[in-house]
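First the structure, in the form of structure tokens, and then the observations on it.
In UniProt numbering, the protein residues as written are 1 to 717.
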């Protein structure tokens with residue numbers, strides 16, 4: 001099950017011409033696809049476009065009515081390869097995934113698609129995950145567009161611009177026979193707004209129609225000699241066609257005054273932040289109107305020479321707002337000015353950071369510095385001095401005030417006990433080289449576990465440990481891969497590679513039943529039924545099929561002792577070849593999403609419901625806190641006692657506890673202390689429950705009175 005359902009929102013996709021559509025950017029993209037007559041869509045989930053996949057999945061009925069084929073692809077490469085349907089057939093197709101990890105995976109298919117070119121429009125919607133909220137290496141999609149000669153759109157973050165970019169993208173692709181990438185940042189994906197809808201279009205040719213009338217054009221197949229001609233076609237035909245379309249259709253926009261001594265050029269996605277900075281500097285009103293000339297690049301590749309040179313006419317200096325490094329756009333514009341012999345001064349990274357997200361404060365400081373240096377007369381007097389610009393809090397002050405909180409596993413996460421067991425085994429057998437992978441389990445590199453040395457890509461955890469397959473080593477390597485990464489790339493690149501090369505390491509496949517880190521979408525091994533997908537395919541069977549001989553399945557990861565014993569066995573057995581452990585327990589977030597509504601409904605209906613609650617006996621807890629060093633659960637914290645004889649705070653379990661029992665299991669496996677207890681909270685108790693409760697209270701009261709009586713007797717004696 002996905003992180004959230006869009007079942008209600010997708011009904012807006014039925015809106016017709018003239019009706020007002022209001023909602024989120026992701027939903028607007030989906031509506032735009034349908035209005036453009038898209039014939040098929042594929043993709044792989046990943047922030048910030050996971051919800052686009054969820055919206056499409058929830059809109060299956062609407063897609064079916066229009067004859068649109070949709071599938072959740074096995075990987076980003078699979079999604080991009082789908083666009084081959086647009087190579088010979090005039091069918092509009094779209095693929096979507098997260099960048100840049102997704103673009104890396106898709107790059108081979110993307111390069112081949114761009115080489116042969118397309119007949120139908122091919123649009124690749126890329127979630128540009130660059131900046132402070134990202135969980136991946138910091139790169140941009142721009143390099144892929146340049147490398148493969150794919151056109152790149154970067155629309156202003158508002159719904160009309162986003163919808164127009166989808167429409168422009170398909171037309172640009174068809175006119176230039178080239179795939180088009182549409183990059184949307186997190187603010188673009190989740191911005192809210194409205195636009196006037198158009199009628200949805202059934203594709204003129206569906207994929208079913210294409211199957212009934214096969215076509216082929218040898219000139220579009222990437223094979224010599226055609227592949228040599230593709231390079232010439234890109235430069236001599238496709239590029240000029242793209243530039244001409246961008247110019248004639250005014251894809252890029254101009255705002256502000258037609259005349260000025262300075263101007264600002266920006267990526268379309270940066271527009272809102274630039275306007276906000278100008279507002280705070282007193283140079284724009286609440287509607288975005290400004291006297292500062294602005295050149296907004298909704299198409300950041302290819303660039304249009306005469307458009308830029310015309311914008312620079314009469315300006316002494318121009319600031320290029322380009323997020324990230326290398327500064328491809330700034331370099332290209334500098335080359336244009338040099339070749340044209342223009343004297344306009346071009347600046348960018350002199351005032352803005354070389355790398356990192358251009359947040360509101362960063363943009364304010366950078367644009368303010370540019371204007372103070374190049375056009376101080378434009379600024380109101382109170383913001384001309386550097387120390388008058390910005391009202392943010394100094395980062396150093398925040399560090400002193402706000403405690404650090406490293407990212408970690410959710411409350412009750414079934415992956416936490418896997419790494420607790422790993423720590424316990426290392427205490428016995430010594431340190432091991434541990435290779436990590438992309439996914440929730442990557443949080444194991446953070447406190448309190450601090451396990452893992454590398455992460456090389458989705459599904460490549462075991463592959464990244466393959467160099468350590470040494471017969472002379474005293475310790476085996478340990479590597480982790482999640483079930484999502486396993487089906488994405490790990491089955492062949494990691495498990496198959498280990499079998500083929502007789503790798504003697506230990507591979508732990510973390511099976512939480514979903515592609516959990518991307519939002520809880522179903523995968524091949526999901527245990528739940530899915531009306532449109534084939535699930536319930538065991539990972540163990542796939543691993544056996546690859547030739548693994550030593551295989552263990554732990555079907556309840558919360559059993560820390562069993563996990564510990566299985567890991568110890570894998571690390572010490574004399575059997576050669578890869579040792580694979582499949583550690584299975586359902587993702588607690590998805591489990592709570594599934595169970596909580598049912599439990600709440602049962603309680604409201606008067607049914608008897610028993611919910612476990614764990615706690616710590618304050619009289620028994622010694623304040624050792626070893627349980628936290630082997631758990632790290634957010635619900636497990638410390639509590640100071642009023643007892644003056646006990647200085648150390650004791651362990652405490654707060655109300656966020658979901659009753660997984662991991663803390664008690666860890667305490668038992670590590671032989672730490674017996675202070676953890678479980679209590680069952682009974683909702684809508686039966687008569688028998690009430691009788692037992694009364695009997696227990698009476699017995700406890702009797703024992704307490706007896707103990708007090710004995711205490712007084714001994715005191716008198």
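The beta carbon of each residue, even a glycine, is placed where N, CA and C say it ideally should be. Predicted model only: the values in this text are computed from it and were never measured.
Could you check which residue in the options has the C-alpha nearest to that of residue i?
i, options, result
"residue 456", "96, 466, 448, 369", "466"
"residue 136", "241, 8, 705, 99", "99"
"residue 516", "24, 441, 577", "441"
"residue 655", "644, 648, 641, 637", "637"
"residue 167", "194, 545, 93, 109", "93"
"residue 621", "653, 635, 578", "653"
"residue 608", "592, 277, 648, 689", "689"
"residue 203", "63, 45, 320", "63"
"residue 333", "485, 345, 618, 615", "345"
"residue 125", "162, 661, 131", "162"
"residue 61", "358, 520, 532", "532"
"residue 720", "257, 19, 115, 251", "Residue 720 is absent from the structure shown; the chain starts at 1 and stops at 717."
"residue 590", "658, 648, 580", "658"
"residue 619", "238, 428, 650", "650"
"residue 44", "239, 566, 102, 233", "102"
"residue 35", "624, 463, 437, 200", "200"
"residue 247", "301, 222, 706, 224", "301"
"residue 529", "594, 562, 489", "594"
If you draw a straight line from the alpha carbon of residue i to that of residue j, how long is it in whole angstroms?
i, j, result
"residue 42", "residue 26", "15 angstroms"
"residue 582", "residue 554", "6 angstroms"
"residue 211", "residue 542", "31 angstroms"
"residue 220", "residue 105", "23 angstroms"
"residue 297", "residue 71", "32 angstroms"
"residue 179", "residue 308", "24 angstroms"
"residue 697", "residue 610", "19 angstroms"
"residue 392", "residue 157", "Because residue 392 carries a pLDDT of 47, less than 50, the predicted location of this residue cannot be relied on, and the following value inherits that uncertainty. Going from the Cα of residue 392 to the Cα of residue 157 covers about 24 angstroms."
"residue 266", "residue 446", "37 angstroms"
"residue 31", "residue 13", "5 angstroms"
"residue 164", "residue 33", "11 angstroms"
"residue 390", "residue 642", "At residue 390, the pLDDT of 43 sits below 50, so the modelled position is not reliable and the matter cannot be decided from this model."
"residue 588", "residue 140", "33 angstroms"
"residue 373", "residue 147", "36 angstroms"
"residue 356", "residue 65", "44 angstroms"
"residue 285", "residue 275", "9 angstroms"
"residue 627", "residue 424", "12 angstroms"
"residue 121", "residue 9", "27 angstroms"
"residue 304", "residue 243", "6 angstroms"
Since I believe residue j is in contact with residue i (beta carbons under 8 angstroms), could you give me their beta-carbon distance rounded to a whole number of angstroms?
i, j, result
"residue 504", "residue 476", "6 angstroms"
"residue 58", "residue 22", "That pair is no contact at about 18 angstroms."
"residue 507", "residue 525", "Not a contact, Cβ separation roughly 16 angstroms."
"residue 291", "residue 283", "7 angstroms"
"residue 159", "residue 194", "6 angstroms"
"residue 523", "residue 559", "With 8 angstroms as the limit, residue 523 and residue 559 do not qualify as a contact, their Cβ atoms being about 24 angstroms apart."
"residue 494", "residue 481", "6 angstroms"
"residue 294", "residue 367", "Not really, about 11 angstroms apart at Cβ, beyond 8 angstroms."
"residue 74", "residue 487", "7 angstroms"
"residue 419", "residue 449", "4 angstroms"
"residue 350", "residue 270", "17 angstroms between Cβ atoms; not a contact."
"residue 281", "residue 352", "Between residue 352 and residue 281 the Cβ distance is about 15 angstroms, and since that is not below 8 angstroms, they are no contact."
"residue 89", "residue 215", "6 angstroms"
Where do the N-terminal and C-terminal ends of the alpha helix (DSSP H) with residue i fall, by residue?
i, result
"residue 711", "687 to 716"
"residue 353", "Looking at the DSSP string, residue 353 is not in any alpha helix (DSSP H), and its letter there is neither H nor E."
"residue 583", "Segment 579 to 584 is the beta strand (DSSP E) holding residue 583; no alpha helix (DSSP H) there."
"residue 328", "328 to 340"
"residue 311", "305 to 312"
"residue 25", "25 to 35"
"residue 160", "159 to 176"
"residue 450", "Residue 450 -> no alpha helix (DSSP H), and no H or E assigned at all."
"residue 53", "50 to 58"
Which residue comes first and which comes last in the beta strand (DSSP E) that contains residue i?
i, result
"residue 295", "294 to 297"
"residue 193", "192 to 196"
"residue 721", "This structure does not reach residue 721, given that the chain is present from 1 up to 717, and the question cannot be answered."
"residue 96", "93 to 99"
"residue 549", "From DSSP, residue 549 is part of no beta strand (DSSP E); its letter is neither H nor E."
Problem set entry | the segment 445 to 464 contacting the segment 146 to 158, beta-carbon criterion three pairs below 8 angstroms | no
Exercise. Any chance the segment 597 to 616 sits against the segment 572 to 579, with 3 or more Cβ pairs inside 8 angstroms?
Worked result: no
Exercise. Does the count of Cβ pairs from the segment 47 to 55 and the segment 80 to 95 closer than 8 angstroms reach three?
Worked result: no
Problem set entry | Validate contact between the segment 673 to 689 and the segment 424 to 441 using beta carbons, cut 8 angstroms, 3 pairs | no
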